[in-house]
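Numbering (the UniProt record's numbering) for the sequence shown: 1 to 527.
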Amino acid sequence: MRGTRRCTRVHARGNRVRHTGISVPFRTLSVRPPTLCDVTSPPPGAAAPQLNTAEGAARPAPGPAADEGLARRLRALACTAPLHDLDARKANLAGEYGVYAMAEVALAAIDLVTLHMDFDTGADHEQIVARLLPRVAAQAPGRPAAEHDRVARWVLENLINVGSVDRGFRAVYGTFGPDGVYVRRDYDFKLIEEVPGPGGSVYLRTTDEAVNVLVGALDTDVTSAQIAAEVKLEVLISRGRLADAQLAAEQARYRTVQYSETLRRTLDATRRNVRAVDWLSTVPELISEALDHVADRYRHENAILTNIRKARDEAESAEHKRRAAELVDIVKDCIRRHTQLQSRLLEAGPLFRAEQDRQAFAPPTPRSGYDLYGQLLAPVLPLPLDRAGRVTDAFFARGTGLRTPTSVRMGDLVEMLLTPPVEREHLGAEMPEPDLIATPDDSRFSEEQLAVAMELLELPADAPRRLSGLLADARRRDPELPYLIALLAVHAASPRSAPPTARASSGCCSPLTTAPSWTTPSSAAPT
1 MRGTRRCTRV HARGNRVRHT GISVPFRTLS VRPPTLCDVT SPPPGAAAPQ
51 LNTAEGAARP APGPAADEGL ARRLRALACT APLHDLDARK ANLAGEYGVY
101 AMAEVALAAI DLVTLHMDFD TGADHEQIVA RLLPRVAAQA PGRPAAEHDR
151 VARWVLENLI NVGSVDRGFR AVYGTFGPDG VYVRRDYDFK LIEEVPGPGG
201 SVYLRTTDEA VNVLVGALDT DVTSAQIAAE VKLEVLISRG RLADAQLAAE
251 QARYRTVQYS ETLRRTLDAT RRNVRAVDWL STVPELISEA LDHVADRYRH
301 ENAILTNIRK ARDEAESAEH KRRAAELVDI VKDCIRRHTQ LQSRLLEAGP
351 LFRAEQDRQA FAPPTPRSGY DLYGQLLAPV LPLPLDRAGR VTDAFFARGT
401 GLRTPTSVRM GDLVEMLLTP PVEREHLGAE MPEPDLIATP DDSRFSEEQL
451 AVAMELLELP ADAPRRLSGL LADARRRDPE LPYLIALLAV HAASPRSAPP
501 TARASSGCCS PLTTAPSWTT PSSAAPT
């Protein structure tokens with residue numbers, strides 16, 4: 001039985017009674033109801049309950065620790081948003097890319113970068129793209145190879161977030177503060193970042209957020225996750241479940257990479273500024289714990305390696321032998337990474353002392369200069385002349401600094417006076433002979449051919465000849481000469497040169513009635 005009743009709430013402090021005025025559904029209670037409660041019927045037209053009002057608002061859980069777990073899960077969820085966004089934005093690409101699983105390719109890219117990066121260097125961009133191509137091609141085998149390459153590069157560039165200014169991602173989430181006020185916070189993170197390498201090269205490295213997304217254990221303690229993964233690995237190997245053991249071994253390797261990243265970032269921050277890192281307590285404790293961690297992992301992984309080899313030798317199935325061989329390679333890689341981590345841990349102390357000496361005795365950084373326009377000229381322009389003059393005089397009197405007068409040293413003066421003058425030539429230094437190169441003659445007609453053509457065109461004024469006759473005479477002398485004759489004739493008949501005195505009569509060629517003033521034509525052949 002349900003009804004709508006108006007409830008009078010009894011408060012414990014001071015036994016004061018307050019009418020809430022909220023209509024609440026009445027139902028059978030599993031516990032005994034309050035003894036002081038007056039139930040009345042609601043008036044007609046009563047408003048529906050408003051849960052977001054000041055009276056009915058749900059208060060957050062007391063204390064900041066209750067809301068910290070939710071904030072941690074929200075940050076962990078934000079790390080997966082760029083992967084889901086890839087599948088949502090693939091429809092915006094120019095082409096049909098719906099067949100590709102972009103999130104799967106992104107996880108594979110994070111996996112490859114994590115496994116190929118080292119303590120000092122990272123993964124090569126082109127190498128990661130080349131290793132992604134088989135997976136992309138398997139998703140769409142009928143598509144061209146150029147499309148597969150474009151998909152792999154598009155996914156990798158989006159994980160780096162190439163289009164943004166700082167190449168990072170930002171998520172906004174809300175939490176309740178200690179005072180119960182709801183506050184929105186920004187969470188900036190990266191999945192794959194580009195780091196400079198030797199020789200101007202650029203490497204790719206995965207961040208802690210990317211490793212968390214890849215492994216699937218979000219916001220976990222590195223040491224506890226490493227121990228738990230290796231204990232799980234040992235149990236699975238002892239039970240013969242090599243397929244699950246391989247997954248656990250890969251998770252243990254990811255945790256080792258994450259531990260190395262923590263130390264690398266600490267050392268990089270030390271190189272930039274020693275004061276920014278707590279070398280008094282935090283870093284020494286980290287180094288001590290890391291050394292104990294490495295020593296313990298050595299013993300643990302060597303024991304695991306012995307069990308794996310035993311399982312490999314005793315296995316009868318080819319699949320079990322293959323799994324065991326892969327496990328051997330993974331554990332060997334973990335041992336190699338632990339060896340490298342140990343060497344870096346031993347170098348951390350000398351690195352701190354060297355950086356402390358270098359930064360302590362480094363020259364101070366110069367102060368930033370003044371903006372003469374924004375800090376001096378713009379505020380002074382609206383002022384009267386007498387007030388503006390006082391400001392500028394005071395600035396330039398103190399801003400230009402002191403000028404120390406040059407003092408003459410007797411030793412420099414005597415040396416300068418006793419130095420014999422340098423002998424110089426009257427006309428200056430000798431000029432080097434220029435290396436001249438003769439310009440090749442690229443003209444089509446020679447000087448001899450031009451002389452013969454001019455001789456043929458020297459006609460008397462009272463005896464004109466047809467151009468066809470001149471061309472026949474020229475052809476008998478030289479096969480190339482008719483082209484020069486025709487070129488000279490066209491040049492002579494040009495309106496810009498000297499117009500002819502006679503027009504064409506009957507026939508195809510007009511007679512030349514006068515001998516114009518001939519000039520040397522260009523060397524280009526007539527077309």
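Beta carbons are placed, not taken as given, at the ideal position from N, Cα and C, and that holds for glycine.
- As the crow flies, the alpha-carbon of D442 is around 23 Å from that of R477.
- Here DSSP, grouped into helix, strand and coil, assigns P82 to helix.
- Note that the C-beta distance between A290 and L341 is below 8 Å.
- L204: member of the beta strand (DSSP E) spanning V202 to T206, first to last residue.
- Between the alpha carbons of I330 and D124 lies a distance of about 21 Å.
- Annotation for V155: the continuous alpha helix (DSSP H) segment containing it runs A145 to I160.
- Annotation: the continuous beta strand (DSSP E) that includes I192 extends over I192 to P196.
- The C-alpha of R271 is placed about 40 Å away from the C-alpha of P134.
- Beta-bridge partners of D186 (DSSP): V172.
- Fewer than three Cβ pairs drawn from the stretch 91–98 and the stretch 177–186 lie within less than 8 Å of each other, which leaves the two stretches out of contact.
- Distance from the CA of A354 to the CA of R323, rounded to the nearest whole angstrom, comes to 46 Å.
- By the Cβ test, the stretch 106–114 is in contact with the stretch 198–210, since at least three Cβ pairs between them sit closer than 8 Å.
- Under the 10 Å beta carbon count, Q375 is surrounded by fewer than 16 other beta carbons and is classified as exposed.
- The alpha-carbon separation between A269 and V277 amounts to approximately 7 Å.
- Membership of S288 in the alpha helix (DSSP H) is indicated by the continuous run T282 to E314.
- For the pair D412 and T419, the Cα-to-Cα distance works out to about 11 Å.
- Closest in C-alpha terms to Y259, from the list R275, D292 and W279, comes D292.
- L456 and L481 have their alpha carbons spaced roughly 10 Å apart.
- Taking the C-beta atoms as reference points, V155 is found nearer than 8 Å to L86.
- A residue is called buried when at least 16 other Cβ atoms come within 10 angstroms of its Cβ; P479 does not meet this threshold and is exposed.
- Taking the Cβ atoms as the reference, V105 lies roughly 7 Å from V151, within the contact range of under 8 Å.
- For the pair T256 and H338, the CB atoms are nearer than the 8 Å cut-off.
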